[in-house]
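So the structure is just underneath, and the comments pick up after that.
2 protein chains.
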Amino acid sequence: MAARDLQERIKRLIIDRRLASGAPLPTEPELMEHLGASRNSVREALKGLQAMGIVEIRHGFGTYVGAMSLAPMIEGLAFRTVAGHYRGEDTLLQLVQLREAVETGLVSRLAGRVPEGDLVELDALVDRMEEQAARGGDGIADTDRAFHATLYRGLDNALLGEVMAAFWDAFHRVHTDLGGAPQDPLVTCRQHREIVDAVRSGDAIRAEEAIREHFGNIRARVSTTGTQDPHRCHNERV
Amino acid sequence: MAARDLQERIKRLIIDRRLASGAPLPTEPELMEHLGASRNSVREALKGLQAMGIVEIRHGFGTYVGAMSLAPMIEGLAFRTVAGHYRGEDTLLQLVQLREAVETGLVSRLAGRVPEGDLVELDALVDRMEEQAARGGDGIADTDRAFHATLYRGLDNALLGEVMAAFWDAFHRVHTDLGGAPQDPLVTCRQHREIVDAVRSGDAIRAEEAIREHFGNIRARVSTTGTQDPHRCHNERV
DNA sequence: AAGAGTCAGCTGCTCTAACCAACTGAGCTA
DNA sequence: TAGCTCAGTTGGTTAGAGCAGCTGACTCTT
Chain A
1 MAARDLQERI KRLIIDRRLA SGAPLPTEPE LMEHLGASRN SVREALKGLQ AMGIVEIRHG
61 FGTYVGAMSL APMIEGLAFR TVAGHYRGED TLLQLVQLRE AVETGLVSRL AGRVPEGDLV
121 ELDALVDRME EQAARGGDGI ADTDRAFHAT LYRGLDNALL GEVMAAFWDA FHRVHTDLGG
181 APQDPLVTCR QHREIVDAVR SGDAIRAEEA IREHFGNIRA RVSTTGTQDP HRCHNERV
Chain B
1 MAARDLQERI KRLIIDRRLA SGAPLPTEPE LMEHLGASRN SVREALKGLQ AMGIVEIRHG
61 FGTYVGAMSL APMIEGLAFR TVAGHYRGED TLLQLVQLRE AVETGLVSRL AGRVPEGDLV
121 ELDALVDRME EQAARGGDGI ADTDRAFHAT LYRGLDNALL GEVMAAFWDA FHRVHTDLGG
181 APQDPLVTCR QHREIVDAVR SGDAIRAEEA IREHFGNIRA RVSTTGTQDP HRCHNERV
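Keeping their order, the protein sequence lines are chains A and B. full-length UniProt numbering puts the first sequence at residues 1 to 238. full-length UniProt numbering puts the second sequence at residues 1 to 238.
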């Protein structure tokens with residue numbers, strides 16, 4: 001009763017005081033008095049808000065308004081996918097399809113509208129990706145993530161970009177946790193190059209096709225990922 | 001230190017034991033012993049997991065594996081949007097654009113692929129919507145939600161449908177909380193009818209255009225929503 | 001014998017009080 | 001002046017007690 005209520009009241013406090021991300025919240029004793037609850041209840045409420053990214057707690061320093069990033073969503077999506085996977089569901093494939101559906105829709109809108117500066121940056125990222133592929137593939141995942149982030153920057157909508165990045169993160173994290181088959185770096189590089197070229201040419205159909213082929217490659221890898229016993233890979237992050 | 005770790009260990013417990021949604025978790029005393037932590041720490045960890053929808057706590061009954069729905073994501077998105085809005089940011093518009101971008105991408109894929117049964121259901125929903133519009137608009141929001149949910153059912157991907165529904169919920173909740181301008185029911189009905197017809201005809205371009213017009217209408221409403229003082233509408237849910 | 005009411009026992013919820021650990025900043029020392 | 005130390009603040013953790021909601025078995029009534 002009280003706990004749920006406390007969370008709402010703390011949220012209202014943030015709204016009412018127009019607190020921006022990073023702004024300090026009252027200390028625990030202050031919140032205790034302001035909310036008329038015990039320390040324990042206040043802390044439990046804060047823990048819940050922390051899990052939602054609304055609040056950020058720094059030991060020995062204070063409590064602050066959180067970045068409200070989509071990190072909690074990534075957490076939830078990833079766990080949901082891993083848990084479902086181990087119970088024999090096709091959750092990982094669904095996650096890939098989610099990304100594919102959304103990204104094909106977005107890229108056709110992007111075709112021909114990406115600023116030249118971003119296109120140059122994308123080219124550079126693919127260059128780096130090829131370089132990393134030649135050296136064994138170290139750090140290629142980060143480059144891949146940067147590629148997608150840069151691509152969707154042209155949409156001029158921070159939220160949209162964040163959501164795309166969140167889906168990418170969730171997929172990547174689950175895939176590595178589950179010990180999925182690594183991608184062929186050369187094929188991946190070629191596909192990314194094609195995406196840049198297609199977007200630059202302004203051909204929406206071709207861009208969509210390029211994304212679809214890229215995801216077709218990913219889907220193939222996912223399908224080969226069998227259900228492993230979780231006890232066998234205890235370094236996984238869930 | 002311990003709290004974050006405890007959450008991970010509880011998550012691993014769910015994974016390792018292959019617990020499905022609704023399965024009972026150990027009681028608090030059992031978790032205390034199993035995890036070697038105090039009651040308080042265990043509870044704080046559970047509160048965090050509860051906020052992420054991973055765990056469901058029922059007073060006087062027990063703790064269970066949660067439905068892992070996207071409800072927490074809705075919560076986070078909604079709060080982020082409301083908080084940003086009151087600080088003068090265009091967060092609500094960004095949320096609409098997110099929906100528009102994603103749904104236009106999906107509907108073009110849906111065109112001509114929706115099963116006849118779903119199409120009939122969509123027709124019935126629009127019929128009901130028109131009826132509700134004539135009677136003053138009561139319950140029209142629920143029908144609208146059902147419409148979008150039914151539409152994307154044809155994608156045959158539960159996760160995708162849930163994400164769409166989550167975006168709808170987040171927008172709707174924020175819009176009502178902020179006391180946004182109500183839509184013109186008749187226009188909305190006409191636009192939904194057009195969407196069904198377009199999808200049935202199999203014309204992807206037309207379907208996309210129908211969705212875009214629908215969102216153009218929504219965007220217009222959003223733009224007229226000024227920043228109100230939160231103290232003036234205390235029945236808002238944040 | 002069937003039904004309703006009661007109570008014991010589980011469960012999670014809240015509170016108090018004390019101590020531990022991380023960080024900051026003022027003041028001291030070299 | 002530069003660096004160190006230490007006291008004070010903040011959150012982290014533990015402990016123990018009592019409150020509150022739910023279940024199921026027991027008992028009493030009909």
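We put the CB at the ideal spot given by N, CA and C, even for glycine. All of these numbers come straight from a predicted model, not from anything done at the bench.
is_contact[residue i, chain B] using C-beta, thresh 8 Å
{"i": "A/Y64", "result": "no"}
{"i": "A/L178", "result": "no"}
{"i": "A/F79", "result": "yes"}
{"i": "A/Q94", "result": "yes"}
{"i": "A/H231", "result": "Its pLDDT being 44, under 50, A/H231 is placed unreliably by the model, and nothing is read from it."}
{"i": "A/L6", "result": "no"}
{"i": "A/V238", "result": "Because A/V238 sits at a pLDDT of 41, beneath the cut-off of 50, its placement in the model cannot be relied upon, and the following sentence gives the value as read from the coordinates. Chain B contact via Cβ: present."}
{"i": "A/V82", "result": "yes"}
{"i": "A/G202", "result": "no"}
{"i": "A/V163", "result": "yes"}
{"i": "A/A2", "result": "no"}
{"i": "A/I15", "result": "yes"}
{"i": "A/M129", "result": "no"}
{"i": "A/V174", "result": "no"}
{"i": "A/G36", "result": "no"}
{"i": "A/E75", "result": "yes"}
{"i": "A/A23", "result": "no"}
Chain A contact for residue i (CB, 8 Å cutoff)
{"i": "B/A51", "result": "yes"}
{"i": "B/V42", "result": "no"}
{"i": "B/L151", "result": "no"}
{"i": "B/E213", "result": "no"}
{"i": "B/M32", "result": "no"}
{"i": "B/P29", "result": "no"}
{"i": "B/R18", "result": "yes"}
{"i": "B/I218", "result": "no"}
{"i": "B/L106", "result": "yes"}
{"i": "B/Q228", "result": "With a pLDDT of only 49 at B/Q228, under 50, the local geometry of the prediction cannot be trusted, and the value read off the model is given with reservation. No, because no Cβ of chain A sits closer than 8 Å to the Cβ of B/Q228."}
{"i": "B/V222", "result": "no"}
{"i": "B/I10", "result": "no"}
{"i": "B/Q97", "result": "yes"}
{"i": "B/N235", "result": "Bear in mind that the predicted position of B/N235 carries a pLDDT of just 41, short of 50, making it too unreliable to give a figure here."}
{"i": "B/E56", "result": "no"}
{"i": "B/R109", "result": "yes"}
{"i": "B/P72", "result": "yes"}
{"i": "B/L160", "result": "yes"}
{"i": "B/I195", "result": "no"}
{"i": "B/R87", "result": "yes"}
{"i": "B/G112", "result": "no"}
Beta-bridge pairing of residue i - partner residues as DSSP gives them
{"i": "B/R58", "result": "B/G62"}
{"i": "B/P24", "result": "B/Y64"}
Residue i: first and last residue of the uninterrupted alpha helix (DSSP H) it sits in
{"i": "B/Y86", "result": "A71 to Y86"}
{"i": "B/T91", "result": "T91 to L110"}
{"i": "B/V199", "result": "P185 to S201"}
{"i": "A/L35", "result": "E28 to L35"}
{"i": "A/S38", "result": "Note, A/S38: premise wrong, no alpha helix (DSSP H); not H, not E."}
{"i": "A/G216", "result": "A204 to S223"}
{"i": "A/R12", "result": "A2 to D16"}
Inter-residue CB distance, residue i and residue j (contact presumed, cutoff 8 Å)
{"i": "A/I74", "j": "A/D144", "result": "Actually they do not touch by this definition, with Cβ atoms about 16 Å apart."}
{"i": "A/Q50", "j": "B/G48", "result": "7 Å"}
{"i": "A/T150", "j": "A/E130", "result": "With 8 Å as the limit, A/T150 and A/E130 do not qualify as a contact, their Cβ atoms being about 16 Å apart."}
{"i": "A/L110", "j": "A/L155", "result": "7 Å"}
{"i": "A/L93", "j": "A/R219", "result": "7 Å"}
{"i": "B/I10", "j": "B/A37", "result": "That belief does not hold up - the Cβ atoms of B/I10 and B/A37 are roughly 10 Å apart, past 8 Å."}
{"i": "B/L95", "j": "B/F171", "result": "5 Å"}
{"i": "A/L106", "j": "B/G105", "result": "6 Å"}
{"i": "A/H192", "j": "A/F147", "result": "6 Å"}
{"i": "A/N157", "j": "B/L98", "result": "7 Å"}
{"i": "B/R18", "j": "A/Y86", "result": "6 Å"}
{"i": "A/T27", "j": "A/V174", "result": "Actually they are not in contact, since the Cβ atoms of A/T27 and A/V174 sit about 38 Å apart, beyond 8 Å."}
{"i": "B/L6", "j": "B/V42", "result": "7 Å"}
{"i": "A/M68", "j": "B/G76", "result": "7 Å"}
{"i": "A/P72", "j": "B/M52", "result": "6 Å"}
### Task
Output the residue ranges of the beta strand (DSSP E) runs that lie fully inside the region 122-163 of chain B and measure 3 residues or longer, sorted by chain position.
none
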